[in-house]
Structures are given as C-alpha cells and as structure tokens.
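Just so we're aligned, residue 1 is where the sequence shown starts under full-length UniProt numbering, counting upward by one.
C-beta: ideal position from N, C-alpha, C; glycine also.
The next block holds one structure in the form of structure tokens; read it before the comments.
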Amino acid sequence: MQEAPYPYVWLGEDGILRLDYGRNPRIDLEAIQSALRQHVAISTVPRPVLVKGQGMVTSTAEAEDYAATPEVMAVTTAVALMQPTTIARIAAKLYLTYRQPPYPCRAFDREADAIDWLLQYVPRE
Numbered sequence: 001m002q003e004a005p006y007p008y009v010w011l012g013e014d015g016i017l018r019l020d021y022g023r024n025p026r027i028d029l030e031a032i033q034s035a036l037r038q039h040v041a042i043s044t045v046p047r048p049v050l051v052k053g054q055g056m057v058t059s060t061a062e063a064e065d066y067a068a069t070p071e072v073m074a075v076t077t078a079v080a081l082m083q084p085t086t087i088a089r090i091a092a093k094l095y096l097t098y099r100q101p102p103y104p105c106r107a108f109d110r111e112a113d114a115i116d117w118l119l120q121y122v123p124r125e
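What follows is the structure, encoded as structure tokens:
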C-alpha cells in the first residue's frame with residue numbers, strides 16, 4: 001500500500017490551494033518540496049495558498065529558504081498561515097517580521113478570515 005504524500009494538498013472550489021501539515025508538524029525541506037510537487041501536479045497557475053497545521057508548527061531554515069525560490073514564487077500569489085493557538089500566532093508573526101517571504105503572507109487564527117484575505121489573490125480565469 002502506497003503511503004499518502006505529506007503534506008496533504010488539495011485545491012478548493014474557491015481557487016485556493018490548501019496544505020495541511022497535520023499535528024505539531026516540523027516543516028523541513030522534504031515536506032515543502034513535496035508540497036510544491038503536489039501543487040504543480042494540481043495547478044501550474046499561480047494560486048494563493050492556505051497553510052494549516054494543528055498545534056505548534058515549526059520549520060527549518062532550509063524550508064524557509066526554499067519557500068522564497070523562483071520555483072515556489074512561480075506558483076504562489078499569497079500565503080495565509082493558520083495558527084490556531086496564541087503562541088503559534090506570536091511565533092508566526094515574529095517569523096514574518098524577520099523573514100518576510102517575497103509574496104504577501106499573513107498569519108490568521110480563523111480560517112474564514114484567512115480565506116477572505118486570500119480570495120483577492122485568486123487568479124481571474
């Protein structure tokens with residue numbers, strides 16, 4: 001039996017790509033490269049991305065660097081980071097203060113707010 005790719009990636013009917021890293025994920029280079037491969041397999045059109053994870057989400061410097069590469073930028077119009085806990089939101093906002101990605105990126109505690117913000121970056125088809 002083949003194991004499902006990590007993270008779980010899908011395209012919503014609203015044109016927003018979703019990445020779910022699961023519970024207490026550590027986003028490393030392999031995980032973000034897998035997300036990009038899945039993204040491109042679903043759509044080569046640049047899209048906004050909603051990144052979800054439950055609990056405390058951490059990432060490696062390699063993954064953060066890769067998120068700013070031309071390959072990722074070519075298919076990403078904006079990123080919303082879902083941070084359901086106060087500590088995770090503070091960590092995400094601190095990250096965004098010191099390591100701003102080359103595309104619009106914000107942290108949210110409510111998925112509805114994140115989606116509302118991302119909708120402005122959905123490509124007009």
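>> So, at 7 Å on beta carbons, what are the nonlocal neighbours of glutamate 64 in its own chain, with the 5 sequence-adjacent residues on each side left out?
In response: Locating residue 64 in the sequence shown gives position 64, counting from the first residue. Result list for glutamate 64: Arg99, in chain order.
> Assuming threonine 69 contacts arginine 47 under a Cβ cut-off of 8 Å, what Cβ separation, rounded to an integer in Å, is found between them?
Replying inline: For the purposes of this step, residue 69 is taken as residue 69 along the sequence shown, with counting starting at 1. For the purposes of this step, residue 47 is taken as residue 47 along the sequence shown, with counting starting at 1. Not really, about 17 Å apart at Cβ, beyond 8 Å.
> For valine 57, which of helix, strand or coil comes out of DSSP?
Replying inline: Locating residue 57 in the sequence shown gives position 57, counting from the first residue. DSSP places valine 57 in coil when its eight states are reduced to three.
>> I'd like to know whether the C-beta of threonine 60 is nearer than 7 Å to at least one C-beta of chain D.
In response: Note that chain D does not occur in the displayed structure, where there is just one protein chain.
> What do you get for glycine 12, buried or exposed, if any count of 16 or more other CB atoms within 10 angstroms of its CB means buried?
Replying inline: Translated into positions along the sequence shown, residue 12 becomes position 12. The residue is exposed, with fewer than 16 neighbouring Cβ atoms inside 10 Å.
> Does the distance from the C-beta atom of aspartate 109 to that of arginine 124 stay below 7 Å?
Replying inline: Indexing the sequence shown from 1 puts residue 109 at position 109. Indexing the sequence shown from 1 puts residue 124 at position 124. No, they are not a contact pair.
> With a Cβ-Cβ cutoff of 7 Å, do alanine 91 and tryptophan 117 count as a contact?
Replying inline: In the sequence shown, counting from the first residue as 1, residue 91 sits at position 91. In the sequence shown, counting from the first residue as 1, residue 117 sits at position 117. It is not a contact, given that the beta carbons lie outside the stated cut-off.
> Can you tell which of Asp28, Ile27, Gly15 has the C-alpha that lies nearest to the C-alpha of threonine 44?
Replying inline: Here the question's residue 44 lines up with position 44 in the sequence shown. Cα-wise, what sits closest to threonine 44 is Gly15.
> Looking only at its own chain, which residues have a Cβ that is under 7 Å from the Cβ of isoleucine 32, when we skip the five neighbours before and after it?
Replying inline: Along the sequence shown, read from residue 1 onward, the residue named residue 32 stands at position 32. Result list for isoleucine 32: Ala63, Tyr66, Ala67, in chain order.
> How long is the line joining the alpha carbons of methionine 82 and alanine 74, rounded to whole angstroms?
Replying inline: As a working note, residue 82 is residue 82 in the sequence shown. As a working note, residue 74 is residue 74 in the sequence shown. Near 22 Å, if we compare the C-alpha coordinates of alanine 74 and methionine 82.
> What is the DSSP secondary structure of proline 46, counted as helix, strand or coil?
Replying inline: Locating residue 46 in the sequence shown gives position 46, counting from the first residue. In the structure shown, proline 46 sits in coil (DSSP, three-state: anything other than H, G, I, E or B).
> What is the DSSP secondary structure of tyrosine 21, reduced to helix, strand or coil?
Replying inline: Numbered from 1 along the sequence shown, position 21 holds the residue referred to as residue 21. In this structure, tyrosine 21 counts as strand in the three-state DSSP scheme.
> Since valine 72 is in the alpha helix (DSSP H), which residue starts that stretch and which ends it?
Replying inline: As a working mapping, residue 72 is identified with position 72 in the sequence shown. Segment 70-73, the alpha helix (DSSP H) holding valine 72.
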